[in-house]
DNA sequence: ACATTATTGAACGGTTCCGTATAATAAAAC
DNA sequence: GTTTTATTATACGGAACCGTTCAATAATGT
């Protein structure tokens, strides 16, 4: 789905470069502006002209790169998911006891999910999933499912190292992440003033710790 | 005009009834139509005229009852929250062992939250919360917070009856409900084909049971 | 110089929709 | 009947915005 046009800045091939070259940087700028508009005020409220203005580009250029408003939205979602994948790739947290590792993982998870942009992204994405199911799967694969796999893997290693005793690590991972999110997830999505909230929220530490406590009470090797 | 016939007949007060009386039934019908439009296709995509047509009412009548489109939306949310409050009022589940009661509660919760209408309601509401925070609190108070209080209360009684041993029942309630929702919550909101999904989903029983298992393993009276 | 492609700015047709206004009609009390 | 209010159908002003078109300009090649 990516570049039908040659994306090379330098005339590497040197054989086919006729006329004014495409400014490849503009696509990324447009996507950035689109992200800002789409995930702050929503798809319907966003206008292509406003996005183009924010990107410092003509509206025609936007339509030149992206087929339609919907295509631009899908591209913006894909881009955001790519960013998410990168951000979630640094989740090693190899040091310390199993308890320390789990708490660390939990706090990282909360810090990542509770950000303004993530909350808004989730909100506006969920609505559009209704008449474009693919973007929902895009998000699931880039975010929640990856996180779940990562935590399951962490638990697998701990089991292998004899630190934990778990039959079904995927189920256990779901237990832990579910407890960590808890009610706070809903409060964040429907509560007032997400911009003013501290990230992570004051109760996050207590919530994560108590979740890990309960988790270890059941899954520690006796 | 409509062949619906007048629904109001009795001049109850009999002292102040000048001119054609207001058809009080229409407000509820309008709200029903508004709910359908708003929570199926979203606020921006809904048009007052379409809502009026669905309700079998003139557009002017809609504006006669509700100040603006936003006011109508807020009223629809309020109405839906009232319905939710009623639906969540029958949560006795007094019989059986503590394990049976918790599983029952969990399955009821899943069945209630996983419905199509609820998922769509949540989606479209979350978006509008961004520039109307009050409706978010309306929902939180009618739904999640009520459910949380109910579960906490259930736990309190179990503790009092000597069935469980819990320091912080509110924290414990958050643990349990969090585990019950688990990943499935995200899968439902961002996954494909919510209309085709079975309610409760096939894995719900297993998820609820394993959550209650883990919960009881830690909180049972030794 | 020239040819070729990218980009811009402005304008246009078409659509949708909010909120209001107006004239006509319906349903009650007197 | 008359009076009074609710409701309808229709139309309108105004705004927003999508996607396209066109002429003019910019940036690269030969």
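Protein chains in written order, with this note's numbering: chain A, 175 to 396; chain B, 175 to 396.
Built from N, CA and C at the ideal position, the CB exists for glycine as well.
Note down, one range per segment and in chain order, each alpha helix (DSSP H) of at least 4 residues found wholly within the region 190-232 of chain B.
Counting only runs of 4 or more residues that sit fully inside the region 190-232 of chain B, the alpha helix (DSSP H) segments are 199-215 and 222-229, in chain order.
Check this for me: beta carbons of residue 236 of chain B and residue 222 of chain B, under 9 Å apart or not?
For the purposes of this step, residue 236 of chain B is taken as residue 62 along the second chain, with counting starting at 1. For the purposes of this step, residue 222 of chain B is taken as residue 48 along the second chain, with counting starting at 1. In this structure, residue 236 of chain B places its C-beta atom within 9 Å of the C-beta atom of residue 222 of chain B.
Anything in chain A within Cβ reach of residue 221 of chain B, meaning under 7 Å, just list it in chain order.
Here residue 221 of chain B refers to the residue found at position 47 of the second chain. Those within 7 Å of residue 221 of chain B in chain A number zero; the least Cβ separation is about 12 Å.
Taking only beta carbons into account, state which residues of the region 242-257 of chain A come closer than 8 Å to chain B, listed in chain order.
Within the region 242-257 of chain A, no residue has a Cβ that lies closer than 8 Å to any Cβ of chain B.
Going by beta carbon distance, what residues of the same chain come within less than 6 Å of residue 378 of chain A, once the five residues before and after it are set aside?
Residue 378 of chain A sits at position 204 when you count from the first residue of the first chain. For residue 378 of chain A, where only same-chain residues beyond five positions count, the Cβ hits under 6 Å are 284.
Quick check on residue 276 of chain B: does DSSP put it in helix, strand or coil?
Numbered from 1 along the second chain, position 102 holds the residue referred to as residue 276 of chain B. Of the three classes helix, strand and coil, the one that applies to residue 276 of chain B here is helix, per DSSP.
Measure from the C-beta of residue 262 of chain B to each C-beta in chain A and report whether the shortest distance is under 9 Å.
Within the second chain, the letter at position 88 stands for residue 262 of chain B. It does not; no Cβ of chain A falls within 9 Å.
Hey, could you find the ends of the alpha helix (DSSP H) residue 301 of chain A is sitting in?
As a first step, residue 301 of chain A must be located in the first chain, where it is residue number 127. For residue 301 of chain A, the enclosing alpha helix (DSSP H) stretches over residues 290-302.
Is any beta-carbon of chain A found at less than 9 Å from that of residue 342 of chain B?
In the second chain, residue 342 of chain B corresponds to position 168, counting from 1. Chain A, which has a Cβ nearer than 9 Å to the Cβ of residue 342 of chain B, makes this yes.
Using the beta-carbon of each residue, which ones in chain B are nearer than 9 Å to residue 310 of chain A?
Indexing the first chain from 1 puts residue 310 of chain A at position 136. Per Cβ cutoff of 9 Å: 363, 364, 365 and 366.
Pull up the distance between the alpha-carbon of residue 312 of chain A and that of residue 251 of chain A, whole angstroms please.
Locating residue 312 of chain A in the first chain gives position 138, counting from the first residue. Locating residue 251 of chain A in the first chain gives position 77, counting from the first residue. Near 8 Å, if we compare the C-alpha coordinates of residue 251 of chain A and residue 312 of chain A.
Give the C-beta separation of residue 346 of chain B and residue 329 of chain B to the nearest angstrom, bearing in mind that I take them to be a contact with Cβ-Cβ under 8 Å.
Numbered from 1 along the second chain, position 172 holds the residue referred to as residue 346 of chain B. Numbered from 1 along the second chain, position 155 holds the residue referred to as residue 329 of chain B. The distance from the Cβ of residue 346 of chain B to that of residue 329 of chain B is about 6 Å, consistent with a contact at the 8 Å cut-off.
Which residues in chain A have a C-beta closer than 7 Å to the C-beta of residue 355 of chain B? List them in chain order.
Within the second chain, the letter at position 181 stands for residue 355 of chain B. Residues of chain A passing the Cβ test: 352.
Is it true that the region 348-367 of chain B meets the region 382-394 of chain B, where meeting means three or more beta-carbon pairs spaced less than 8 Å apart?
When Cβ pairs closer than 8 Å are counted between the two stretches, the region 348-367 of chain B is seen to touch the region 382-394 of chain B, the count reaching three or more.
Per-residue contacts from residue 322 of chain B into chain A (C-beta, under 7 Å):
Residue 322 of chain B sits at position 148 when you count from the first residue of the second chain. Per Cβ cutoff of 7 Å: 357.
Best match in A:271, A:287, A:279 and A:362 for proximity to residue 337 of chain A [C-alpha to C-alpha]:
Within the first chain, the letter at position 163 stands for residue 337 of chain A. The shortest Cα separation from residue 337 of chain A among A:271, A:287, A:279 and A:362 belongs to A:271.
Under 7 Å Cβ-Cβ, which residues of chain B neighbour residue 301 of chain A?
The sequence position of residue 301 of chain A within the first chain is 127, counting from 1. Here the neighbours are 216, 297, 298 and 301.
Mark residue 342 of chain B as exposed unless 16 or more other C-beta atoms lie within 10 angstroms of its C-beta, in which case mark it buried.
Here the question's residue 342 of chain B lines up with position 168 in the second chain. Residue 342 of chain B counts as exposed, since fewer than 16 other C-beta atoms from the protein chains shown sit within 10 angstroms of its C-beta.
Quick one: what does DSSP say residue 338 of chain A is sitting in, helix, strand or coil?
The residue you call residue 338 of chain A lines up with position 164 of the first chain. DSSP places residue 338 of chain A in strand when its eight states are reduced to three.
Buried or exposed: which applies to residue 305 of chain B, given that a residue is buried once 16 or more other Cβ atoms fall within 10 Å of its Cβ?
Mapped onto the second chain, residue 305 of chain B falls at position 131. When all chains shown are included, residue 305 of chain B counts as exposed.
Pick out whichever of A:295, A:273 and A:358 has its Cα sitting closest to the Cα of residue 213 of chain A.
Against the first chain, residue 213 of chain A aligns to sequence position 39. Check the Cα spacing between residue 213 of chain A and each of A:295, A:273 and A:358: the tightest is with A:295.
Anticipated Cβ contact below 8 Å, residue 364 of chain A with residue 314 of chain B, distance rounded:
Counting from one through the first chain, the residue named residue 364 of chain A turns up at place 190. Counting from one through the second chain, the residue named residue 314 of chain B turns up at place 140. Between the beta-carbon of residue 364 of chain A and that of residue 314 of chain B there is about 5 Å, and that keeps the pair under the 8 Å contact cut.
Among the candidates B:362, B:355 and B:332, whose CA atom is the shortest distance from the CA of residue 393 of chain B?
For the purposes of this step, residue 393 of chain B is taken as the residue at position 219 of the second chain. Its Cα nearest to that of residue 393 of chain B, the residue B:332 stands out among B:362, B:355 and B:332.
For a cutoff of 9 Å on Cβ pairs, would you count residue 348 of chain B as touching chain A?
Within the second chain, the letter at position 174 stands for residue 348 of chain B. Yes, because at least one Cβ of chain A sits closer than 9 Å to the Cβ of residue 348 of chain B.
Look at the Cβ atom of residue 200 of chain A, then the Cβ atom of residue 234 of chain A, and state whether they are nearer than 9 Å.
As a first step, residue 200 of chain A is located in the first chain; it is residue number 26 there, counting from the start. As a first step, residue 234 of chain A is located in the first chain; it is residue number 60 there, counting from the start. No; because the gap between Cβ atoms is not below 9 Å, this pair is not in contact.
Do we get a CB-CB distance below 9 Å when we pair residue 385 of chain A with the residues of chain B?
Start at 1 with the first residue of the first chain, and residue 385 of chain A comes out as number 211. True, the Cβ-Cβ gap to chain B drops below 9 Å.
Exposure label - residue 355 of chain A; buried when at least 16 CB within 10 Å
Residue 355 of chain A sits at position 181 when you count from the first residue of the first chain. In the assembly as shown, residue 355 of chain A is a buried residue. Its beta-carbon has 16 or more other beta-carbons within 10 Å.
Could you please give me the residues that DSSP links to residue 394 of chain B through a beta bridge?
As a position in the second chain, residue 394 of chain B is number 220, starting the count at 1. Note: residue 394 of chain B sits in a beta bridge opposite B:338.
Flag this pair as yes or no: are the beta carbons of residue 255 of chain B and residue 202 of chain B separated by less than 9 Å?
Along the second chain, read from residue 1 onward, the residue named residue 255 of chain B stands at position 81. Along the second chain, read from residue 1 onward, the residue named residue 202 of chain B stands at position 28. Against a cut-off of 9 Å, the Cβ pair of residue 202 of chain B and residue 255 of chain B comes out as no contact.
Over the uninterrupted alpha helix (DSSP H) stretch that includes residue 349 of chain B, give me the two end residues.
The sequence position of residue 349 of chain B within the second chain is 175, counting from 1. That run of the alpha helix (DSSP H) goes 343-355.
Going along chain B, which residues have a C-beta under 7 Å from residue 391 of chain A?
On the first chain, position 217 is the one that residue 391 of chain A refers to. Neighbourhood of residue 391 of chain A in chain B, by CB distance below 7 Å: 392, in chain order.
Following the continuous alpha helix (DSSP H) through residue 306 of chain B, name the residue where it begins and the one where it ends.
Residue 306 of chain B sits at position 132 when you count from the first residue of the second chain. Per DSSP, residue 306 of chain B belongs to no alpha helix (DSSP H) and is neither H nor E.
Could you give the first and the last residue of the continuous alpha helix (DSSP H) run that contains residue 252 of chain A?
Taking the first chain and counting its residues from 1, the one referred to as residue 252 of chain A is at position 78. Looking at the DSSP string, the run of the alpha helix (DSSP H) that includes residue 252 of chain A is 243-261.
Here's the rule I'm using: 16 or more other beta-carbon atoms within 10 Å means buried, otherwise exposed. How should residue 192 of chain A be labelled?
Position 18 of the first chain holds residue 192 of chain A. Answer is exposed; the Cβ neighbour count stays below 16.
Please identify the residue among B:208, B:275, B:260 and B:287 whose C-alpha is closest to the C-alpha of residue 327 of chain B.
By one-based count along the second chain, residue 327 of chain B stands at place 153. When B:208, B:275, B:260 and B:287 are compared, the shortest CA-CA separation from residue 327 of chain B is found for B:275.
Between residue 338 of chain A and chain B, is any beta-carbon pair separated by less than 9 Å?
Here residue 338 of chain A refers to the residue found at position 164 when the first chain is read from its first residue. Using a CB distance cut-off of 9 Å, residue 338 of chain A does not count as an interface residue toward chain B.
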